Amino acid sequence: MAFGRRDQGQDNAQQMPQGQVQAQGQQVPAESGTQLPPAAMQRVQRLAQREQQDKGAFTSDLSVNEFVLVHKLGFEPLGYVMGTSIYHIGYQFQNWGRSMELEVLSAAMFHARSLAIERMRSEAHALGADGVVGVNLRIQRYAWQQGELEFMAEGTAIRARQPNPAYKLRDGGPFTSDLSGQDFYTLVRAGHFPRAFVFGACVYHVAHQGLRQTLKMAGQNMEMPQFTEAAYTARELAMTRMEDEANKFGADGIVGVTTGVNAHVWGEHASEFLAVGTGVVSSPESGLPEPTMIMSLNV
3 MAFGRRDQGQ DNAQQMPQGQ VQAQGQQVPA ESGTQLPPAA MQRVQRLAQR EQQDKGAFTS
63 DLSVNEFVLV HKLGFEPLGY VMGTSIYHIG YQFQNWGRSM ELEVLSAAMF HARSLAIERM
123 RSEAHALGAD GVVGVNLRIQ RYAWQQGELE FMAEGTAIRA RQPNPAYKLR DGGPFTSDLS
183 GQDFYTLVRA GHFPRAFVFG ACVYHVAHQG LRQTLKMAGQ NMEMPQFTEA AYTARELAMT
243 RMEDEANKFG ADGIVGVTTG VNAHVWGEHA SEFLAVGTGV VSSPESGLPE PTMIMSLNV
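To convert, count from 1 in the sequence shown and add 2; that's the working numbering.
Below you can see the structure in the form of structure tokens.
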């Protein structure tokens with residue numbers, strides 16, 4: 003038997019309903035540990051107090067162009083917000099000669115990211131934000147222990163100058179989007195609006211080749227069917243789960259979809275396939291904005 007990483011306590015991942023492993027559709031409840039640490043709450047409260055008193059400068063990871071376009075849409079940045087979760091990934095047995103999903107690890111990776119995203123939303127909600135734009139979700143490793151990863155979500159909290167309850171999600175919290183400021187501007191101008199940053203993950207073990215098969219392929223150019231099939235299966239699972247997440251938020255579609263693969267801490271034959279994007283809704287009058295006519299004065 004080969005080994006992969008598995009959640010240390012196992013309870014968080016194993017107690018998640020099977021549908022969440024299949025669809026990742028359940029939102030992490032507040033009592034599961036999404037509350038902000040004291041230091042984060044103090045920072046957010048300080049920013050909120052400055053906002054109420056109209057004192058101090060806001061923070062933002064928006065570029066100059068993004069800031070101008072977001073402001074032109076009628077939104078103002080409130081502050082840089084983030085959420086983080088340092089998660090220990092434990093072990094799960096793998097069948098050496100069989101390609102298979104490592105469902106416990108898939109659930110653990112989903113749970114860790116959900117914690118980070120919900121904490122970022124909590125910071126934005128505490129600031130009175132309608133949404134978070136430019137969301138960046140990343141993973142980094144530390145030297146203190148091999149099996150521990152930090153999951154971090156960050157972005158800029160924004161608020162509409164003209165309040166509109168429709169901007170927020172059903173739970174009353176802010177929307178999230180990984181679109182750039184330029185893409186956010188174009189999307190809204192065309193009559194669409196972001197609902198949620200959505201993702202799907204699948205940790206998949208690819209079967210090892212036997213010695214006879216390895217020798218047979220030596221020196222030849224040929225496809226490796228078991229690797230191809232495993233990659234297809236894992237990506238399809240990740241894409242399906244991302245789509246299920248978007249359906250949970252009532253999105254009409256997903257824009258800006260990207261996919262990636264990373265081995266993280268599991269070795270060369272187990273990798274995470276990840277699909278991310280922004281779920282959007284469309285208004286009945288959505289359509290391309292009229293082009294602006296520009297007359298050149300150059301002769």
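Think of the CB as a built atom: it goes at the ideal place given N, C-alpha and C, for glycine as much as any other residue.
Because the structure is a prediction, the values reported are computed rather than measured.
How would you label D70, buried or exposed, when you count the other beta carbons within 10 angstroms and need 16 or more for buried?
It should be noted that the sequence gives Val, not Asp, for residue 70. Using a 10 angstroms sphere on the CB of V70, the tally of other CB atoms stays under 16, which defines it as exposed.
Can you grab the Cα-Cα spacing for the pair G281 / L299, in whole Å?
Cα to Cα, G281 sits roughly 42 Å from L299.
Are there three or more Cβ pairs, one per stretch, closer than 8 Å when the stretch 232-239 is compared with the stretch 190-207?
Result yes; three or more Cβ-Cβ pairs closer than 8 Å.
Quick one: complete alpha helix (DSSP H) runs, 4+ long, within the stretch 94-131?
Segments of the alpha helix (DSSP H) lying fully in the stretch 94-131: 105-128.
Looking at the secondary structure, which residues open and close the beta strand (DSSP E) in which V283 lies?
First-last of the beta strand (DSSP E) with V283: 272-284.
Report buried or exposed for P79, applying the criterion of at least 16 other Cβ atoms within 10 angstroms of its Cβ.
With 16 or more other Cβ atoms within 10 Å, it is buried.
DSSP has S87 in a bridge; who is on the other side?
As DSSP reads the structure, S87 sits in a beta bridge with F153.
To the nearest angstrom, how far is it from the Cα of Y187 to the Cα of V135?
Rounded to whole angstroms, Y187 and V135 show a C-alpha spacing of 11 Å.
Specify whether the stretch 72-91 and the stretch 120-140 touch according to this definition: at least 3 beta carbon pairs, one from each stretch, less than 8 Å apart.
Yes, the stretch 72-91 touches the stretch 120-140.
Alpha-carbon spacing of G85 relative to R123, whole angstroms
Each residue's alpha carbon lies about 8 Å from the other.
What does the alpha-carbon distance come out to for the pair D254 and S284?
C-alpha of D254 to C-alpha of S284: approximately 7 Å in a straight line.
Spatially closest choice to L171 from A126, E150, L107, by CA coordinates:
Out of A126, E150, L107, A126 has the C-alpha closest to the C-alpha of L171.
If V137 sits next to A155, beta carbons under 8 Å apart, how far is it from one beta carbon to the other, in whole angstroms?
Their Cβ separation, rounded to whole angstroms, is 6 Å, which keeps V137 and A155 in contact under 8 Å.
Cβ atoms of A277 and M226: under 8 Å apart, would you say?
Taking 8 Å as the Cβ cut-off, M226 and A277 do not qualify as a contacting pair.
For Y89, count the other beta carbons within 10 Å of its own beta carbon; 16 or more makes it buried, fewer makes it exposed. Which is it?
By the 16-neighbour rule on beta-carbons within 10 angstroms, Y89 is buried.
Please classify E245: does DSSP put it in a helix, a strand, or coil?
In this structure, E245 counts as helix in the three-state DSSP scheme.
Which same chain residues, not among the five before or five after L181, have their C-beta less than 8 Å away from its C-beta?
Taking L181 as the centre and dropping the five residues before and after it, the same chain places the C-beta of V135, G136, L189, P196, V257, G258, T280 closer than 8 Å to its C-beta, in chain order.
Considering only the beta carbon of each residue, do E247 and V200 sit closer than 8 Å?
The Cβ atoms of E247 and V200 sit closer than 8 Å to each other.
What three-state label does DSSP hand G258 in the structure shown?
In this structure, G258 counts as strand in the three-state DSSP scheme.
Hey, out of E231, D185, L104, L75, whose CA is closest to R163's CA?
Comparing Cα-Cα distances from R163 to each of E231, D185, L104, L75, the minimum goes to L75.
For E231, which residues in the same chain have their Cβ closer than 8 Å to its Cβ, ignoring the five residues on either side in sequence?
Within the same chain, E231 has close Cβ partners S101.
Please state the DSSP three-state secondary structure of G133.
G133 falls in the strand class under three-state DSSP.
Does DSSP classify T61 as helix, strand or coil?
The DSSP-derived three-state label of T61 is coil.
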